[in-house]
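In the working numbering, the protein residues as written are 31 to 275.
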């Protein structure tokens, strides 16, 4: 009958144990210490692994936050660098600093207004040079590079604000690149001129655009005969002022 008993060995290291297969081992308490150490290390390993993962997640979160906060600046610097060799190709033959008086940013839904009214009132009547993406972008270049090039070589960026404009990735890209141009290439001078082509509530606007509306002048398109006369005169005066600046 099997029985269990607790036996206390004195000087355990002096004992040996021989098995039926002839193998003999020394009863060394050091093995127990090694086993205990392995268990302890395993518990610390889990703690170290968990702590390292937490630190890594924290670092990645901080980096992501910084990239998101400065995303437009990063994109602006990237595309400016990417397109810097294209500027000389589109500069005029004279010594004028800018190729265009105004870059017109608009949704494709409003292109008839741009090609009919803006060209008629500003180019033909006022002899202002407009940059219109469907007409003036360089073939074969990335759209984003074309945008940054044209904003950089225009005195002013006129944004024709509609709900479709706000929904368009490229329209908002143009708006934000013009903001970055103002900050980093024009010594903080605002080059954005907002024209609201339809009625839009302030709560519908992105925060950065709302801040601009609250601090800078903007215009609303009246869409009536008498109001249109005043509207176009103010637009012309704004662009002429920039030409003289």
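All C-beta atoms, glycine included, are put in the ideal place defined by N, C-alpha and C. This structure is a prediction, so every number in the text was calculated from the model and none was measured.
With distances taken between CA atoms, residue 130 lies nearest to 185 out of 78, 111 and 185. Remark: C-beta atoms of residue 226 and residue 250 approach each other more closely than 8 Å. Distances from the alpha-carbon of residue 189 to those of 108, 258 and 163 put 163 closest.
Straight through space, the alpha carbons of residue 270 and residue 254 are spaced by roughly 24 Å. The Cβ-Cβ distance between residue 174 and residue 133 does not fall below 8 Å. Going by beta carbons, residue 211 and residue 135 fall outside the 8 Å limit. Looking at the DSSP output, residue 250 sits in a beta bridge with 226. The beta strand (DSSP E) runs of length 3 or more contained entirely in the region 128-197 are, from start to end of the chain, 130-135, 160-162 and 184-191.
Here residue 231 is exposed, its C-beta having fewer than 16 other C-beta atoms within 10 Å.
Burial state of residue 91 is exposed, judged by a 10 Å Cβ sphere holding fewer than 16 other Cβ atoms.
Residue nearest to residue 206 within the set 236, 97 and 263 is 236 (criterion: CA-CA distance). Taking the C-beta atoms as reference points, residue 138 is found no nearer than 8 Å to residue 192.
For residue 256 and residue 158, the gap between their C-alpha atoms comes out near 23 Å. When DSSP states are grouped into helix, strand and coil, residue 216 belongs to the coil group. Within the same chain, and ignoring the five residues on either side of residue 261 in sequence, the residues whose Cβ sits closer than 7 Å to its Cβ are 249, 251 and 252. In this chain, residue 234 is not harboured by any alpha helix (DSSP H), its DSSP state being neither H nor E.
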